[in-house]
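Right, one structure below, let's go through it.
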Amino acid sequence: MSVRLLTIEARRNVGLWFFPVILLISWWLLSAWGWIAFLWESTNQQLQASVVPFGAPAIAGAAAWMAGRDRRRGIQDLLATTPRHDTERLLTLWASTALWGVLAYAAFAAYMMGRTALSATWAGPELWPVVVALAAILAHAAWGFFFGSLVPSRFTVPVVAIAAMMLLQFLSGYMVATGGGGYSPTWVTYLAPDKPAYDLAPWQALIYMGLTGAGLAALALRRRWGTPGFAVLAGSSVLAVAGVIMVWGEWPRYDPAKPLAYNGWGQVIEQDSVYVEPEPVCEGSPVTVCVYPQYQPVLDEGVASANRLAAPLLGLPGMPLRAGPEDTTFTGGGSTSMLRVGDDGHLDVSRFVDKLVADSGSLREGAIVNEAQLAVRQWLVGKARLPNWAFECYEDVPEQQQYPGQPTAGMCQATARLARLSPPEQRAWLETHYRDLRAGKLSVRDLP
Amino acid sequence: MRLGYLFLRSRMTGPSLACLLGVTAVTWQWAWWVKQDPGILFLIVVMTPLAAATVIGVSCRSPFGEAERTAGRWLPALRLGHLAGLLLLGGGALAVVGRGWAEPDGDLALVRNVAGLAGLAFLAARVVGGGLSWIAPLGYVVLAFFAGGAGENELPRWAWVVQPAAHEPSRYWAAELLAAGLLAIAFAGARESPDAVE
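Protein sequence lines, in the order shown, are assigned to chains A and H.
So for the first sequence, my numbering puts the first residue at 14; every next one is plus one.
So for the second sequence, my numbering puts the first residue at 66; every next one is plus one.
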């Protein structure tokens, strides 16, 4: 395969037009999945899930289209008279088509991983999932090319692309009923290359590398029967089947009765090592906020929110001055704009606000149910004017739709009464009642 | 009569019908195999109309190019008749297969999706040529499929292809796309592809 021929074929290839389309649709999928650029966990999972669902079937279709090119142009006989071996010529055409898919994927992966490498503060890239998606693109190109060459019709092209997409969606959405109306994925689900599973990723990669080899060997065998072709076909098929068997075998089956996880061979899956919680990173004064190190990029925002919320209570006896990792939640995902993909995500300190107005003894199942505490909580939130903290008071909620902690009319009126006081009056009331408020001894009627 | 017959031959109507028959057979066999599993029926309701629509989209390519445009008679009527016929056959066959599925109004959803996706394929055929017109419906279906991926409870309005059959606006979307696509192809034809990739 000469580089010059590869370059010519790549330049005059439909893959060139598919390159931007794959990037655009992958970008959109990335926004739909809610990628968080500074988390390696997010990047590791969403790279595959963004590029493969469209990129792989599209490249299968492009390869099928290119495989039928010589027949469409009526130059098969002409090419047969040239000295270059026809299998080599076909492999060059396949490689040049697959190249565009690989380039689109590489560009996308480089962008995602580069951005994460620059902003992440913890963990690192997982390379096997990257290989899985790459192998899947090559396998789709190989089989698309094979079918396009086997049935060189215009109708083969969409049928191949859509069949590839159907198979992909079928596998990745494959669920079995678990009883009680629930569904859960099985080992079959993880045959899909867009399903990230770190432990299974090497076997997933093996499947798709095997399928790539088998597709190319089948293509070569169609042109010329021979032992080398058969050997490659047999070897690649063995790899693919071995990969499927290993995914089946290594996929953990959890037995809730024991509770233990077993592999397909009935062996107990042992944890490689005991999970050691990373040391939290702390910042801020007077309220200090601590988060796990991966969330450090949003720590400043969390510190600012926590301090704004706590400002009216500073100096009161018993007021918590530390928000630990258990008091914060990272919320992210669901980009609202295609131009802000990867940026969404913030540190939610609502559990710290709960802690400000209620001690642990006054909570019911971890939630505030005391209306006075809820009213003061709403007042603090309203005073801090934080984005994403909107709440509404529903006046006439039917009794059957009410739940503990729901803002009721009485509670909202108490919040409004507290808000109407002057700051010194608010402070005076808090100094007198803060301890009882946190203990859950007040009702809304006790609010000023 | 002879003109119509020759026109249909030039548009590879025989292979198109064979493909549509194949798509219908796969739909029927697949639905029978999954035994009315609602999750997979949902997949079938989107994917098999996509296959039918793209096959119809590919068939709108003309092998004659400018010669046909300058010398052809009744081209809009012939194009419209050809595509409407394929749509009726493809959509009708899928509707017959989809009757009685566990998916509510599965037959209607199949017909709606064939119509709307075919419209999209026709519009793409006008821009990129019949041979590659499948890329637009394929891309659109991927986008619609994952439109709720971020955990939104409501699907966006443009994701009509994954809406339930009873969702009225989705029918209008599909009908409008079909009308726009048919008009574009009937009066302007699919794009000829003198470029290197054809």
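Yeah, the Cβ is synthetic: ideal placement off N, Cα and C, and Gly gets one too.
{"Check": "One or two residues paired with Ile49 of chain A in a DSSP bridge", "Outcome": "A:Gly355"}
{"Check": "Arg74 of chain H - DSSP class collapsed to helix/strand/coil", "Outcome": "helix"}
{"Check": "Contact list for Ser166 of chain A against chain H, beta-carbon separation under 7 Å", "Outcome": "Pro80"}
{"Check": "beta-carbon Pro265 of chain A near the ligand ZN non-hydrogen atom, thresh 7 Å", "Outcome": "Ligands displayed in this structure: none; no statement on the ligand ZN is therefore possible."}
{"Check": "Continuous alpha helix (DSSP H) stretch holding Ala233 of chain A: start and end", "Outcome": "Ala214 to Arg236"}
{"Check": "Partners in chain A for Ala116 of chain H, counting only beta-carbon separations shorter than 9 Å", "Outcome": "Pro171, Val172, Ile175, Ala176 and Met179"}
{"Check": "Closest by C-alpha distance to Gly127 of chain A, when choosing among A:Phe51, A:Ala73, A:Val145 and A:Ala77", "Outcome": "A:Phe51"}
{"Check": "Straight-line Cα distance separating Gly395 of chain A from Gly114 of chain A", "Outcome": "51 Å"}
{"Check": "Buried versus exposed, by CB contacts within 10 Å (16 or more), Gly216 of chain H", "Outcome": "A caution first: Gly216 of chain H carries a pLDDT of 47, below 50, which makes its placement in the model too unreliable to give a value."}
{"Check": "The region 36-66 of chain A: positions lying closer than 7 Å to chain H by Cβ", "Outcome": "Ile38, Trp41, Leu42, Ala45, Trp46, Gly47 and Pro66"}
{"Check": "Which of helix, strand or coil DSSP assigns to Met79 of chain A", "Outcome": "helix"}
{"Check": "Interface flag, Gly137 of chain H vs chain A, CB-CB below 8 Å", "Outcome": "no"}
{"Check": "Backbone secondary structure at Cys125 of chain H - three-state DSSP", "Outcome": "coil"}
{"Check": "Beta carbon proximity, Trp107 of chain A to chain D, threshold 8 Å", "Outcome": "The chain labelled as chain D is not found among the protein chains of the depicted structure, namely A and H."}
{"Check": "Element boundaries [alpha helix (DSSP H), containing Val144 of chain A]", "Outcome": "Leu140 to Leu163"}
{"Check": "Beta-bridge partners of Cys84 of chain H, as assigned by DSSP", "Outcome": "DSSP output for Cys84 of chain H lists no bridge partner at all."}
{"Check": "Cβ-based burial, Ser456 of chain A [other Cβ within 10 Å; buried from 16]", "Outcome": "exposed"}
{"Check": "Straight-line Cα distance separating Ala336 of chain A from His446 of chain A", "Outcome": "22 Å"}
{"Check": "Reference Thr20 of chain A, options A:Leu43, A:Arg85 and A:Arg102, closest by Cα", "Outcome": "A:Arg102"}
{"Check": "Three CB pairs or more closer than 8 Å across the region 141-153 of chain H and the region 234-251 of chain H", "Outcome": "yes"}
{"Check": "Nearest residue (CA-CA) to Ala117 of chain A, options A:Leu369, A:Thr134 and A:Ile150", "Outcome": "A:Ile150"}
{"Check": "Beta carbon of Leu252 of chain A nearer than 8 Å to that of Phe243 of chain A", "Outcome": "no"}
{"Check": "Burial state of Tyr196 of chain A, where buried means 16 or more other Cβ atoms lie within 10 Å", "Outcome": "exposed"}
{"Check": "Min CB distance Val362 of chain A to chain H below 8 Å", "Outcome": "no"}
{"Check": "Contact list for Ala111 of chain A against chain H, beta-carbon separation under 8 Å", "Outcome": "Correct list: empty, because the minimum Cβ distance to chain H is about 16 Å."}
{"Check": "Arg76 of chain H at chain A interface by Cβ criterion, 8 Å", "Outcome": "no"}
{"Check": "Cβ neighbour criterion (16 or more within 10 Å) applied to Ile88 of chain A", "Outcome": "exposed"}
{"Check": "Cβ neighbours of Ile49 of chain A in the same chain (closer than 6 Å, five flanking residues each side left out)", "Outcome": "Ser55, Gly345 and Gly358"}
{"Check": "N-terminal and C-terminal residue of the beta strand (DSSP E) that Pro198 of chain A is part of", "Outcome": "Gly195 to Pro198"}
{"Check": "Gln439 of chain A beta carbon less than 8 Å from that of Pro325 of chain A", "Outcome": "yes"}
{"Check": "Per-residue DSSP class, three states only, for Arg321 of chain A", "Outcome": "helix"}
{"Check": "Residues that Gln182 of chain A contacts on chain H, provided the C-beta gap is smaller than 8 Å", "Outcome": "Leu108, Met112 and Phe210"}
{"Check": "Simplified DSSP state of Pro206 of chain A, which is helix, strand or coil", "Outcome": "coil"}
{"Check": "Which of helix, strand or coil DSSP assigns to Phe211 of chain H", "Outcome": "coil"}
{"Check": "Per-residue contacts from Cys84 of chain H into chain A (C-beta, under 8 Å)", "Outcome": "Phe168 and Val172"}
{"Check": "Inter-residue spacing [alpha-carbon to alpha-carbon] between Arg134 of chain H and Gln94 of chain H", "Outcome": "42 Å"}
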